[in-house]
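Remarks on the structure that follows.
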Amino acid sequence: MSDTEHPYVEWIAREAKRPVELDRGARDRVMAAVRAEGAHRSITPARRRWSKLLEPRVFRLSPALTTLAAAGLVGIGVLAGGLKNWGVRKDGRPLVDTATQSPVPLQTTDTVVKFVFAGPRASTVSLVGDFNGWDTTKTPMARDPRSGTWSVALPLNAGRHVYAFVVDGTTWANDPSAPLAPDDGFGHASSVKNVPGPTL
Amino acid sequence: MIRLTAARLLSSMRRAPHALVVPLVVGASLLLSAPPAAAQDAIFKLDPASRNVVDLVMDSAMAAGLPNRSIFSRALEGIAKKASNRQIVDAVRRRLVSLRTARARLGGVSDDELEAAASVLEAGAKPEELARFRARPQGRTQLEAFTVWADFLARGVPKDEAFSAINKLWQDGADDAIFHSLWNNVQSDILQGLSPGTALQNRIRETPQRATASAGKPPEGP
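As they're listed, the protein sequences go chains A and B.
The first sequence begins at 839 in the numbering used here and counts up by one.
The second sequence begins at 5 in the numbering used here and counts up by one.
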């Protein structure tokens, strides 16, 4: 920096430090202008909601909550994957051939069938059969405390259904009110229910 | 104004965990409640060799135009009943043979009828006996007849007597209600102590008249 510029620099600094003197009404005029601007824009409730949704936010998560979030996402993924791959082999082929089924299309959930099992001493009874993939946990039965009977009502497609009851999680029992399915070599009897419908 | 923005920011930060809790808890619950992969696909509880056999049997059924859902269900039933791999493999093989034989003897029937016929064969009926049911009027189904027949065999009714009774009713034009009524009466008699053969003989004696007289009518009370 040269010596000839020095006086200008000092002048600029002096001017910058000099307090600005406004007249008394300046502040009021500025505030009135600001208020007028706000009133002119008049934000509607819908616009305010959108603004709230779109405005950036800062989230803070604890390690435990983050772990829970990860578990939740994995859970959703597992469930979605399981539903997608249900009934499909590892190589992608369907486990059950739908092409060889009856030429008459099966009706969806045509008939509600009630299953009843008399087991006053049982702690739990569940219904298992071809309609629930022989899953012993899928169809628990409800106990009537007055009669001691267990029952459940299921919507079934028309046709032949093989089933059994599982008492206390271990004991298999057939339905005395339905015909027997022949011994399948598994050591436990099953029953047959023919649900009437258009395919019969 | 700056103070207001900061307060809003702090407030949203405090709310953030609460807003996340609901979806997170739902997701975690799904994870915990979703059955494990092995349960979803119970067939994979079989050892690889047995599973391969089940696959092959199902493929054979599919190729022959047979309902392989019956074979798959049989495998799942065995797994649920904690049968050995060997028992399950034997059962699905037996089912394939039964379905094949039933198809050959009955021709074009529904999958349900075919499965019921396979059960009759597995219960001990002869294939040539099954062939007697091949001809059927339009709209008539053998499903109930086969179901009752298989039940009689499972309860120990002599095979010839069971076939004779079911065949007679079928030829007489008995409907589902009559077959079911016969089953109901016979099993009731067996529970009261009658031998299976005697129970059927007693009940079939009174059934022919009922079959011809009430064919197409609602069943009588028990």
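Note that CB positions come from ideal geometry on N, CA and C, so glycine has one too.
How would you list, in chain order, the residues of chain A whose beta-carbon sits under 7 Å from the beta-carbon of Ser123/B?
Ala1019 and Pro1020
Give, in chain order, every unbroken run of the beta strand (DSSP E) that is at least 3 residues long and sits entirely within the segment 982-1038 of chain A.
Runs of the beta strand (DSSP E) inside the segment 982-1038 of chain A: 987-994, 997-1005, 1009-1011 and 1028-1033.
Does DSSP classify Val950/A as helix, strand or coil?
strand
Interfacial residues, the segment 960-971 of chain A to chain B, with Cβ spacing under 8 Å
Val966, Asp968 and Gly971
Give me the Cβ distance between Val951/A and Val1030/A, rounded to the nearest whole Å; I'm assuming they're in contact under 8 Å.
Actually they do not touch by this definition, with Cβ atoms about 12 Å apart.
Assuming Leu125/B and Arg998/A make a contact with CB atoms under 8 Å, what is their CB distance in whole Å?
Rounded, the Cβ-Cβ distance is 15 Å, inconsistent with contact.
By the 7 Å beta-carbon criterion, what residues does the segment 160-192 of chain B contribute toward chain A?
If the cut-off is 7 Å between Cβ atoms, the segment 160-192 of chain B has Trp187 near chain A.
Between Val190/B and the rest of its own chain, which residues show a CB-CB distance below 6 Å, the 5 nearest in sequence each way excluded?
Ala203, Leu204 and Arg207
I'd like to know whether the C-beta of Thr151/B is nearer than 9 Å to at least one C-beta of chain A.
yes
For Glu848/A, does the count of other Cβ atoms within 10 angstroms reach 16, so buried, or fall short, so exposed?
Classification of Glu848/A: exposed, given that the 10 Å Cβ count is below 16.
Three-state secondary structure (DSSP) of Ala937/A
Reliability of the predicted coordinates at Ala937/A is poor, the pLDDT of 38 falling under 50, and no value is obtained from them.
Could you tell me which uninterrupted alpha helix (DSSP H) segments, each at least 4 residues in length, are contained entirely in the segment 64-135 of chain B, listed from first to last along the chain?
72-84, 89-110, 115-127 and 131-135
Exposed or buried, Thr975/A, counting other C-beta atoms within 10 Å across all chains shown (16 or more means buried)?
exposed
Going along the chain, which residues of the segment 984-998 of chain A sit with their C-beta nearer than 9 Å to a C-beta in chain B?
Along the segment 984-998 of chain A, the positions whose C-beta sits under 9 Å from a C-beta of chain B are Ala996, Gly997 and Arg998, read in chain order.
Phe150/B and Ala181/B - do their beta-carbons sit closer together than 9 Å?
no
Which residues of chain B have a Cβ atom closer than 7 Å to the Cβ of Thr974/A, listed in chain order?
Ala84
Counting only C-beta atoms, is Val1000/A closer than 9 Å to chain B at any point?
Output row for Val1000/A: interface = yes.
Beta-ladder partner(s) of Ala956/A, from DSSP:
DSSP, once it has assigned bridges, lists Thr987/A as partnering Ala956/A.
Taking DSSP's pairing of strands, which residues face Ala864/A in a bridge?
Under DSSP, Ala864/A shares a beta bridge with no residue.
Check whether Gly957/A and Val963/A have beta carbons under 9 Å apart:
Gly957/A places its beta carbon less than 9 Å from that of Val963/A.
Listed by chain order, chain B residues near Val868/A by CB distance under 9 Å
Chain B residues near Val868/A: none, gap ~14 Å exceeds 9 Å.
Taking all protein chains shown into account, do 16 or more other C-beta atoms lie within 10 angstroms of the C-beta of Thr145/B, making it buried, or fewer, making it exposed?
buried
Would you mind reading off the limits of the alpha helix (DSSP H) that contains Val963/A?
Taken as a continuous stretch (DSSP letters only), Val963/A belongs to no alpha helix (DSSP H), being part of the beta strand (DSSP E) at Val963 to Gly967.
Under a three-way DSSP split, which group does Ala178/B fall into?
coil
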